[in-house]
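Chains as they are written, first to last, in this note's numbering: chain A, 109 to 222; chain B, 23 to 140. The C-beta atom is built at its ideal place from N, Cα and C for all residues, glycine as well.
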Amino acid sequence: DAGVIQSPRHEVTEMGQEVTLRCKPISGHNSLFWYRQTMMRGLELLIYFNNNVPIDDSGMPEDRFSAKMPNASFSTLKIQPSEPRDSAVYFCASSFDLGAYEQYFGPGTRLTVT
Amino acid sequence: AQKVTQAQTEISVVEKEDVTLDCVYETRDTTYYLFWYKQPPSGELVFLIRRNSFDEQNEISGRYSWNFQKSTSSFNFTITASQVVDSAVYFCALSEAQVGTSYGKLTFGQGTILTVHP
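And the structure:
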């Protein structure tokens, strides 16, 4: 079975541009999570969904960040406008449900904003 | 609020040595789950194990073993006869199972960088 799929794997963009990261969770998983990893802050949970509904977006750093999950097999994380401090690796993860279940991570998208 | 502490920032060992990675957690819930993840140089986070708060039995999987002690709020990870391929960042994480503000969230420790030298 395919794991969590993320695209693109690498993204280099200029400050001020819009960036869209994409994620396809594991089929049958009801929960989806977006994380950001940097050397300074480690792994940060940005937002997570359950049954396509956002449950907690308190980790989203600013209004420049938004996330959607229009259906069970697709989610996007958008940054508009992007800034150099947004440079990080962004991970998407999915799990069967909330609470008791392990999360499976995608390969990540390495974002560089110049 | 829940918290996970991995006090060892970096560990360096020589191949075939045993190594233990420490993890201490804090939670007010009586029902919770503990996890270990491995992040090799390729960058992807790989799930290793999940334990629930009611099961304090130690677990062994090949060269890996885990020691869960509720009395000390610790969930330590031991690699026996380490190999170069074990070099990675290892994360301990906690999830609370009771519905509340932290429900569904994985709280990660800061990670321990393990380097195994040949």
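Cβ-based neighbour list, residue i, same chain, cut-off 6 Å, excluding 5 preceding and 5 following
i                 : result
Leu129 of chain A : Leu185, Tyr198 and Thr217
Ile135 of chain B : Glu32 and Val111
Phe99 of chain B  : Leu43, Trp58 and Trp88
Glu39 of chain B  : Ser104
Ser115 of chain A : Arg130
Thr102 of chain B : Asp40 and Arg85
Val68 of chain B  : Lys60
Val120 of chain A : Thr220
Glu81 of chain B  : Trp88
Spatial neighbours of residue i in its chain, beta-carbon cut-off 7 Å, leaving aside the 5 residues before and after
i                 : result
Ile163 of chain A : Tyr156 and Phe157
Met177 of chain A : Leu140, Phe157, Asn160 and Ser183
Tyr54 of chain B  : Ser75, Leu116, Ser117, Glu118 and Ala119
Thr27 of chain B  : Val46 and Gly131
Glu37 of chain B  : Ser104, Gln105, Val106, Val138, His139 and Pro140
Glu191 of chain A : Met123 and Val221
His137 of chain A : Ser202, Ser203 and Phe204
Gln188 of chain A : Glu126 and Arg172
Leu151 of chain A : Tyr143 and Gln145
Ser195 of chain A : Leu219, Thr220 and Val221
Ala180 of chain A : Asn160
Integer-rounded CB distance, given that residue j should sit under 8 Å from residue i
i                 : j                 : result
Phe57 of chain B  : Arg72 of chain B  : 5 Å
Ser104 of chain B : Val35 of chain B  : 6 Å
Gln145 of chain A : Leu128 of chain B : That belief does not hold up - the Cβ atoms of Gln145 of chain A and Leu128 of chain B are roughly 13 Å apart, past 8 Å.
Gly207 of chain A : Tyr125 of chain B : 6 Å
Thr49 of chain B  : Gln30 of chain B  : Actually they are not in contact, since the Cβ atoms of Thr49 of chain B and Gln30 of chain B sit about 21 Å apart, beyond 8 Å.
Gly65 of chain B  : Pro215 of chain A : 7 Å
Range covered by the beta strand (DSSP E) that runs through residue i
i                 : result
Asn158 of chain A : Gly150 to Asn158
Phe69 of chain B  : Val68 to Asn74
Glu119 of chain A : His118 to Thr121
Ser174 of chain A : Phe173 to Asn179
Asp164 of chain A : Val161 to Asp164
Phe130 of chain B : Leu128 to Phe130
Val221 of chain A : Thr217 to Val221
Ala110 of chain A : Unbroken run through Ala110 of chain A: none, as it is neither H nor E.
Gln145 of chain A : Ser139 to Thr146
Val107 of chain B : Val107 of chain B -> no beta strand (DSSP E), and no H or E assigned at all.
Tyr198 of chain A : Ala196 to Ser203
Val183 of chain A : Note that residue 183 of chain A is Ser in the sequence shown here, rather than Val. First-last of the beta strand (DSSP E) with Ser183 of chain A: Phe182 to Ile187.
Ile135 of chain B : Thr134 to His139
Leu129 of chain A : Val127 to Lys132
Beta-carbon proximity list for residue i, same chain, < 8 Å, skipping 5 on both sides
i                 : result
Ser109 of chain B : Pro62, Pro63, Leu136, Thr137 and Val138
Gln94 of chain B  : Checking the displayed sequence, the identity of residue 94 of chain B turns out to be Thr instead of Gln. These residues qualify, in order along the chain: Val46.
Gln79 of chain B  : Phe90
Mind listing, in chain order, the continuous beta strand (DSSP E) runs of no fewer than 3 residues lying wholly within the segment 23-105 of chain B?
-> 25-27, 32-36, 41-43, 46-48, 54-61, 68-74, 81-83, 86-91 and 96-101
Chain-ordered residues of the segment 65-76 of chain B with a beta carbon less than 8 Å from chain A = Gly65, Glu66, Leu67, Val68, Phe69, Arg72 and Asn74
Scan the segment 194-216 of chain A for residues whose Cβ lies nearer than 9 Å to a Cβ of chain B and list them as they occur along the chain.
-> Val197, Phe199, Ala201, Ser203, Asp205, Leu206, Gly207, Ala208, Tyr209, Glu210, Gln211, Tyr212, Phe213, Gly214, Pro215 and Gly216
Note down, in chain order, all residues in the segment 126-140 of chain A with a beta-carbon under 8 Å from any beta-carbon belonging to chain B.
-> Ser139
Selection of the segment 38-57 of chain B by Cβ proximity to chain A, strictly under 8 Å | Tyr55 and Phe57
Name the residues in the segment 141-173 of chain A whose C-beta lies less than 8 Å from a C-beta of chain B; which are they?
-> Phe141, Gly150, Leu151, Leu153, Tyr156, Asn158, Ile163 and Asp164
Taking any Cβ of chain A, which residues in the segment 122-136 of chain B have a Cβ under 7 Å from it, in chain order?
-> Tyr125, Gly126, Lys127, Leu128, Phe130, Gln132 and Gly133
Short-range partners of chain A found in the segment 104-119 of chain B, where Cβ spacing is below 8 Å | Phe113, Ser117, Glu118 and Ala119
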